[in-house]
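Residue numbers (full-length UniProt numbering), protein chains in the order written: chain A, 1 to 206; chain B, 1 to 206; chain C, 1 to 206. The C-beta atom is built at its ideal place from N, Cα and C for all residues, glycine as well. On a predicted model such as this, the values are computed, not experimentally measured, just so you know. Heads up: the structure comes next, in structure tokens.
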Amino acid sequence: MDFIYTLDIIGTFAFAISGALVAAEKEFDLFGVLIIAFATAVGGGMMRDVLIDAHPINWIGDLNYIWTILIAVVFTFLFKSKIIHLSKTMFLFDTIGIGVFTLLGVQKGLNYDLHPFIAVVMGMVSAVMGGVIRDVLTNQVPLIFKKEIYASACLAGGFVYLICNYLNAAELVQFSLTMLTIISFRLIAVKFHLELPKIKDDLFSK
Amino acid sequence: MDFIYTLDIIGTFAFAISGALVAAEKEFDLFGVLIIAFATAVGGGMMRDVLIDAHPINWIGDLNYIWTILIAVVFTFLFKSKIIHLSKTMFLFDTIGIGVFTLLGVQKGLNYDLHPFIAVVMGMVSAVMGGVIRDVLTNQVPLIFKKEIYASACLAGGFVYLICNYLNAAELVQFSLTMLTIISFRLIAVKFHLELPKIKDDLFSK
Amino acid sequence: MDFIYTLDIIGTFAFAISGALVAAEKEFDLFGVLIIAFATAVGGGMMRDVLIDAHPINWIGDLNYIWTILIAVVFTFLFKSKIIHLSKTMFLFDTIGIGVFTLLGVQKGLNYDLHPFIAVVMGMVSAVMGGVIRDVLTNQVPLIFKKEIYASACLAGGFVYLICNYLNAAELVQFSLTMLTIISFRLIAVKFHLELPKIKDDLFSK
Chain A
1 MDFIYTLDII GTFAFAISGA LVAAEKEFDL FGVLIIAFAT AVGGGMMRDV
51 LIDAHPINWI GDLNYIWTIL IAVVFTFLFK SKIIHLSKTM FLFDTIGIGV
101 FTLLGVQKGL NYDLHPFIAV VMGMVSAVMG GVIRDVLTNQ VPLIFKKEIY
151 ASACLAGGFV YLICNYLNAA ELVQFSLTML TIISFRLIAV KFHLELPKIK
201 DDLFSK
Chain B
1 MDFIYTLDII GTFAFAISGA LVAAEKEFDL FGVLIIAFAT AVGGGMMRDV
51 LIDAHPINWI GDLNYIWTIL IAVVFTFLFK SKIIHLSKTM FLFDTIGIGV
101 FTLLGVQKGL NYDLHPFIAV VMGMVSAVMG GVIRDVLTNQ VPLIFKKEIY
151 ASACLAGGFV YLICNYLNAA ELVQFSLTML TIISFRLIAV KFHLELPKIK
201 DDLFSK
Chain C
1 MDFIYTLDII GTFAFAISGA LVAAEKEFDL FGVLIIAFAT AVGGGMMRDV
51 LIDAHPINWI GDLNYIWTIL IAVVFTFLFK SKIIHLSKTM FLFDTIGIGV
101 FTLLGVQKGL NYDLHPFIAV VMGMVSAVMG GVIRDVLTNQ VPLIFKKEIY
151 ASACLAGGFV YLICNYLNAA ELVQFSLTML TIISFRLIAV KFHLELPKIK
201 DDLFSK
């Protein structure tokens, strides 16, 4: 479905910009910025493909990812301070990216005959691990482990996809409901500052 | 051998709890705790399987790992302060985990026709790399590179297994001797505060 | 070509020593030093082989890598303070290593029928990622993202190799031109303190 492919490229673009911005903040040189943009944008799908033995892996099998990332880095280089002011647009793109990456990850997992539950995990890996690799490479504790609720959004979206798939819903319906779940989940979480609980003490200690 | 499988699950459980405790200490949210518990418990075996091309990799081929980890995280959530006081029990479980993971790693390496020496390395990878991934994800210098002697215990156990295997010892004998080596090695090291030497200056400098 | 294999081993030796020195500086114990030396020396090729599904991966298929690394660590242990004074020799060995690793990476990529551009990326991965893994494991921001220009040298060398290959140049010519490009690129960069630009502000902001 060409529409999904387009969204995949948009998501890659948004993720690459978010990586490039983090790297620029850390005073990395152009090469460092490129690598971080690259890792952020294709790291999740790359990890998924290595884990499920899907070769050629994402960016090796389709050069469009690399071109998209190169364009995103040049774009960041040209318009850095403008992009920072476009935080709402970026947030939207980023959320679209998360949604599509989850969707494609679950889909690929099912195509490789994984257990549906593992397929959902693969959706999450695709959407989340790029950011984790970015944070490890820039020597930070991964943001997603502390604050962002979007892993839960991916999980929810993944299960919606599974159910649609089980019910043999039309591809457009599967796609729309999954994306809708992930995007609304994340918007609501950010709007109301929802966070996952932390383990401070156990339930039975006073 | 069902007995070994049971110990494998116990080891997974202990590793998952140790990961969950580190993550809780760092104030990770529930998702972060889950991922760190997961990485600690199955990270070593996952790395081994990716490196030797053994697909499906451990947690993809057997859902029991994921269930065990989920239960371990819930358990930590419920009983955190109790668990901390059970440090001796946890240490025992953890040591069992290290022993079984080493044993299974060497075994799998030999089954994949690796050179015996590489098979021992794979045993060590299985037992050690989960903790390394945990420490990288929580932005710490891996503990095992500085203090713990347990990598050496794995190495020793791995070679004992090789010898038993070479001598065609019964499976129970192979198993017992390997586990005994690893466990006693580690207990003695901890008891007497044994450490590996460090390279401060070279031998010939004054 | 046996000559290239010899240089590969020399490069492995130099990379292992550089890893061992970093780990010794951080007060790692002998095991930690070994792992860091190992990761530095074979990490790049290992990542390349996992990504392109080339099994058995480098150090599993050829035990000479492990022996070389062991010797390098013993060597560092014996002569640490001497080595530090040999910084020019080490720099030369290191540069040879970078050159050969790039060359072998591109070659392997082409042998696996990758797109020539991806093959060049694989050359860079082989030469650069060992150092990145070393820095992640020692909890530092990878040096190469901030200062060193050698990734660009690898890229340039990789493209020279591609052109030679396309023109069906003799193996010796391909080899010499690629190495010459990488080595002179790096020497010139270090001599004149060349650095890649950073993204501080965008081009159009005042």
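Taking the alpha carbon of residue i as the point to measure from, which residue in the options has its own alpha carbon closest?
{"i": "B/GLU27", "options": "B/ILE149, B/PHE3, B/ALA72, B/PHE77", "result": "B/PHE77"}
{"i": "A/ALA127", "options": "A/LEU30, A/ILE17, A/VAL42", "result": "A/VAL42"}
{"i": "C/ILE149", "options": "C/ILE183, C/PRO116, C/LEU177, C/TYR161", "result": "C/ILE183"}
{"i": "A/ASP8", "options": "A/GLN140, A/GLY105, A/ALA156, A/VAL132", "result": "A/GLY105"}
{"i": "A/GLN174", "options": "A/VAL100, A/THR138, A/ILE133", "result": "A/VAL100"}
{"i": "A/PHE79", "options": "A/ALA170, A/ALA24, A/THR12, A/VAL160", "result": "A/ALA24"}
{"i": "A/ILE31", "options": "C/VAL125, C/PHE192, C/ASN168", "result": "Ile is not the amino acid found at residue 31 of chain A; the sequence shown has Phe there. Closest option to A/PHE31, Cα to Cα, is C/VAL125."}
{"i": "B/LEU155", "options": "B/TYR65, B/MET122, B/SER176, B/ILE57", "result": "B/MET122"}
{"i": "A/PHE93", "options": "A/ALA151, A/PHE159, A/SER18", "result": "A/SER18"}
{"i": "B/PHE3", "options": "B/THR181, B/CYS164, B/SER176, B/PHE192", "result": "B/SER176"}
{"i": "A/LYS191", "options": "A/MET46, A/TRP59, A/ILE98, A/LYS88", "result": "A/LYS88"}
{"i": "C/ILE98", "options": "C/ILE144, C/VAL33, C/ILE57", "result": "C/ILE144"}
{"i": "B/PRO56", "options": "A/ILE57, A/VAL50, A/GLY61, A/PRO56", "result": "A/VAL50"}
{"i": "A/PHE117", "options": "B/LEU172, B/ASP29, B/PHE75, B/TYR65", "result": "B/TYR65"}
{"i": "B/LYS146", "options": "B/LYS198, B/PHE75, B/VAL74, B/ASP29", "result": "B/LYS198"}
{"i": "A/GLY45", "options": "A/ALA170, A/THR12, A/HIS85", "result": "A/THR12"}
{"i": "A/VAL74", "options": "A/PRO142, A/VAL33, A/ILE163", "result": "A/VAL33"}
{"i": "C/HIS115", "options": "C/GLY158, C/ALA151, C/HIS193", "result": "C/GLY158"}
{"i": "C/LEU194", "options": "C/ASN58, C/ILE133, C/VAL132, C/ALA151", "result": "C/ALA151"}
Please name the residue or residues paired with residue i in a DSSP beta bridge.
{"i": "C/LYS198", "result": "A/ASP29"}
Assuming residue i contacts residue j under a Cβ cut-off of 8 Å, what Cβ separation, rounded to an integer in Å, is found between them?
{"i": "A/ALA72", "j": "A/GLY130", "result": "Their Cβ separation, rounded to whole angstroms, is 13 Å, which puts A/ALA72 and A/GLY130 out of contact at 8 Å."}
{"i": "C/ILE83", "j": "C/MET90", "result": "7 Å"}
{"i": "C/ARG48", "j": "C/LYS108", "result": "7 Å"}
{"i": "C/ILE10", "j": "C/VAL22", "result": "Not really, about 19 Å apart at Cβ, beyond 8 Å."}
{"i": "A/THR68", "j": "A/ALA16", "result": "7 Å"}
{"i": "B/TYR166", "j": "B/LEU103", "result": "Not quite, the Cβ-Cβ distance comes to about 15 Å (not below 8 Å), so this is no contact."}
{"i": "A/ALA54", "j": "A/TYR5", "result": "Actually they are not in contact, since the Cβ atoms of A/ALA54 and A/TYR5 sit about 17 Å apart, beyond 8 Å."}
{"i": "C/ALA119", "j": "C/ALA153", "result": "Wrong, their Cβ atoms sit about 17 Å apart, outside the cutoff."}
{"i": "A/ILE52", "j": "B/ILE60", "result": "7 Å"}
{"i": "B/ASN139", "j": "A/GLN140", "result": "7 Å"}
Could you please give the first and the last residue of the uninterrupted alpha helix (DSSP H) stretch that includes residue i?
{"i": "A/ASN58", "result": "58-61"}
{"i": "A/ASP135", "result": "116-137"}
{"i": "A/ILE52", "result": "Note, A/ILE52: premise wrong, no alpha helix (DSSP H); not H, not E."}
{"i": "B/LEU86", "result": "Neither: B/LEU86 is in no alpha helix (DSSP H) and is coded neither H nor E."}
So what does DSSP say about residue i, is it helix, strand or coil?
{"i": "A/PRO142", "result": "coil"}
{"i": "C/PHE93", "result": "helix"}
{"i": "A/ASP2", "result": "helix"}
{"i": "B/ILE188", "result": "helix"}
{"i": "C/ALA14", "result": "helix"}
{"i": "C/LEU180", "result": "helix"}
{"i": "A/LYS206", "result": "Annotation note: pLDDT 46 at A/LYS206 (below 50); position unreliable, coordinate value reported separately. Coil at A/LYS206, not helix or strand."}
{"i": "A/ALA170", "result": "coil"}
{"i": "C/ALA20", "result": "helix"}
{"i": "A/ASP8", "result": "helix"}
{"i": "B/TYR112", "result": "coil"}
{"i": "C/GLY157", "result": "helix"}
{"i": "B/ILE69", "result": "helix"}
{"i": "A/HIS193", "result": "coil"}
{"i": "C/ILE149", "result": "coil"}
Any Cβ of chain E within less than 9 Å of the Cβ of residue i?
{"i": "A/PHE28", "result": "Here chain E cannot be found, since the structure's protein chains are A, B and C."}
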